[in-house]
């Protein structure tokens, strides 16, 4: 476009605007319409799956499957159901490793998936999330989690990912956060035992506080059934205004309005890597991260206004 | 070669389990090395193929006869490969060979003044498989759930005895190699028999990460460990990872997903009747949760990487047994013949 500005006089003789292609096909197939293109790439994907010709990394991350199936599905929720707004993208390093620490809520960890979709679409970075061990014991959930690039929340895995320059996401509240009752919404639970801080100190990567607002309202948990939780080996069996009363319909999340704010990175340069073994230093930094995220959550809540 | 060459002049190598596939190949490779004076192979059954320069001695390593062989031949290097990993007969017999055999052999090594090096074949199965393990095991990772049965438990016990020997004979150079599953044209193991079944039972909702080592690379690692000094514990695996689902698709196998309890039932019944090959408890756990090991320590010690990665080892195995995905792919192409094709999709 810029090159044409100098030739305004010439262009004026030709009133028709230059055609700007909407899709970059990467190959000389200009006559394809988008539907045909989608069909063709879908078939190519299926053929790769039938042949088994795709790569997974040592954590089981399957980028082909994630980008072709999981992200497009989650993107529908992200754009049209939760209408997620993502702020503070400048705070995510464009390359190199960092540890994102976010609040966790919503009974089912949809907030983790929305964060992944948001960062994938906005920055083209795949965040590698750390999940609870329960996830890997449950059929389907465990391997879907691995295929989408997540791994077990354990120091060796986190350290290994950070060493490879990956962007790692952690929810230090864990189940205490996801399973919070609705009455405690937006009040952060304890930040675990600070394992994520120790890992960041050892790996010398910044901690990026991140606040997610909106997930608290998708399944307002007003009670739980302990007997069923124990029976299924789950950390909790939630009761919401719609679940389990409406059966499968109760699993549809309420369409709350979401906002995600990525905060300014907290550098760890002031600390020695050896301080990872100093519990006081770890607790202090953990508290600082938690308070930062808590404050960001309150600010976001004000900005968002009503939940629906 | 810049790599450290063992010093002693007289080189007598003893290879256990020489009548089995890996032992025979290692003995054959070692006898081609002019620096080695004698290669002595021991086993309880005579070798199926001629061993060439290797002297075969029929001795049971569970007896003190092995000590006499080591003493009389002045063996300086013992390569212990006799780890039985396929549950062909009674579990007690397998344990007897794996554990009692290793104890006798290690006792003989401790006694003999000539021994200066021990290379032990162990297995990555010592890490177990559980959903609470880290994604990648390094040599220092403590397993969350140590293996409770089968050859994996035997291997863990043998490693314990080897550590005991090291405490008592600190002058010995001891290399312990934790191999992942071998694959290649010549390998026959419970795993290869699983892959060769026309329909392969899998655990519903689980897709384990697997690693393989090509037989040639395994032999090469054992050769280097024997002729060079690399004390320590090493994971040995081909680079990269394959999911079980990928393996089955690449080999054109049909997978039959069964819920975990049904899978265990099929495996146990099959093993008892003996028609379904080798669905031992540890194989079942491995094919549920998978396992990946880190091989950085081996690569830096040997300055070498396996020639075949996991995918290449599997591809060679599949090709050798005529397994391939041409039929499902041809079917797919026929069904989608009239539809638009993306340039990147076809080969």
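Protein chains in written order, with this note's numbering: chain A, 570 to 877; chain B, -18 to 328. Idealized CB from N, CA, C, for every residue including glycine. These numbers come from a predicted model, not from an experiment.
query, result
"Along chain A, in chain order, which residues have C-beta atoms closer than 8 Å to that of residue 227(B)?", "621, 623, 625"
"Quick one: what's got a C-beta closer than 6 Å to residue 639(A)'s C-beta in the same chain, skipping five residues either side?", "717"
"What does residue 768(A) reach in chain B if we use C-beta pairs closer than 8 Å?", "None at all; the shortest Cβ gap to chain B is about 12 Å."
"In the DSSP output, which residue or residues are listed as bridge partners for residue 828(A)?", "654(A), 782(A)"
"Once DSSP output is grouped into helix, strand and coil, what is the label at residue 163(B)?", "strand"
"Residue 23(B): buried (16+ other C-beta within 10 angstroms of its C-beta) or exposed?", "buried"
"Rounded to whole angstroms, what's the CA-CA distance from residue 782(A) to residue 225(B)? Just pull it up for me.", "39 Å"
"In whole angstroms, what is the alpha-carbon distance linking residue 763(A) and residue 730(A)?", "18 Å"
"Taking the continuous beta strand (DSSP E) assigned at residue 311(B), which residues delimit it?", "Looking at the DSSP string, residue 311(B) is not in any beta strand (DSSP E); the run it does join, the alpha helix (DSSP H), is 307 to 316."
"With distances taken from CA atoms, which of 29(B), 102(B), -8(B), 31(B) is nearest residue 14(B)?", "-8(B)"
"By the 7 Å beta-carbon criterion, what residues does the region 92 to 121 of chain B contribute toward chain A?", "112, 113, 115, 116, 117"
"Would you decide whether residue 790(A) is buried or exposed? Buried here means 16 or more other CB atoms lie within 10 Å of its CB.", "buried"
"Hey, is residue 726(A)'s beta-carbon within less than 8 Å of any beta-carbon in chain B?", "yes"
"Going by DSSP, what residue range makes up the beta strand (DSSP E) through residue 76(B)?", "Looking at the DSSP string, residue 76(B) is not in any beta strand (DSSP E); the run it does join, the alpha helix (DSSP H), is 72 to 76."
"For residue 120(B) versus residue 214(B), is the C-beta spacing smaller than 8 Å?", "yes"
"Pull up the distance between the alpha-carbon of residue 724(A) and that of residue 12(B), whole angstroms please.", "46 Å"
"Within 8 Å, do at least three Cβ pairs link the region 274 to 281 of chain B to the region 137 to 154 of chain B?", "no"
"In this structure, how does DSSP classify residue 81(B) when only helix, strand and coil are distinguished?", "helix"
"Between which two residues does the alpha helix (DSSP H) holding residue 103(B) run?", "Where residue 103(B) is concerned, there is no enclosing alpha helix (DSSP H), although the beta strand (DSSP E) it sits in stretches over 98 to 104."
"Flag residue 629(A) as yes if its beta-carbon sits less than 8 Å from any beta-carbon of chain B, otherwise no.", "yes"
"Reducing DSSP to helix, strand and coil, say where residue 128(B) ends up.", "coil"
"In angstroms with no decimal places, state the Cα-to-Cα distance between residue 48(B) and residue 89(B).", "5 Å"
"Within 10 angstroms of the Cβ of residue 816(A), are there 16 or more other Cβ atoms? Answer buried if so, exposed if not.", "exposed"
"Nearest by alpha-carbon distance to residue 714(A): which of 632(A), 658(A), 804(A) is it?", "632(A)"
"Distance cutoff 8 Å, beta carbons only. Does residue 306(B) sit that close to anything in chain A?", "yes"
"Which class does residue 327(B) belong to by DSSP, given the choice of helix, strand or coil?", "Confidence in residue 327(B) is poor, its pLDDT being 42 and thus under 50, which makes the residue's placement unreliable; the coordinate value appears in the next sentence. Residue 327(B) falls in the coil class under three-state DSSP."
"Could you list the residues in the region 259 to 274 of chain B with a C-beta less than 9 Å from some C-beta on chain A, going in chain order?", "270, 271, 273"
"For the region 706 to 727 of chain A, which residues have a CB atom closer than 7 Å to at least one CB atom of chain B, in sequence order?", "706, 708, 709, 711, 712, 720, 721, 723, 725, 726"
"For residue 672(A), which residues does DSSP report across the bridge?", "Answer by DSSP bridge pairing: none, since residue 672(A) is not bridged."
"Do residue 692(A) and residue 738(A) have their C-beta atoms within less than 8 Å of each other?", "no"
"Mind listing the chain A neighbours of residue 187(B)? Cutoff is C-beta to C-beta under 9 Å, in chain order.", "708, 709, 711, 712"
"Considering only the alpha carbon of each residue, which of 821(A), 862(A), 839(A), 644(A) lies closest to residue 786(A)?", "821(A)"
"Got a sec, what are the start and stop residues for the alpha helix (DSSP H) residue 766(A) sits in?", "764 to 772"
"Taking the alpha carbon of residue 674(A) as the point to measure from, which residue in 652(A), 741(A), 664(A) has its own alpha carbon closest?", "741(A)"
"Which whole-angstrom value describes the C-beta separation of residue 50(B) and residue 20(B), a residue pair presumed to lie in contact below a C-beta threshold of 8 Å?", "Actually they do not touch by this definition, with Cβ atoms about 13 Å apart."
"Mind pulling the alpha helix (DSSP H) runs of 4 or more residues that sit fully within the region 693 to 746 of chain A?", "710 to 716, 724 to 732"
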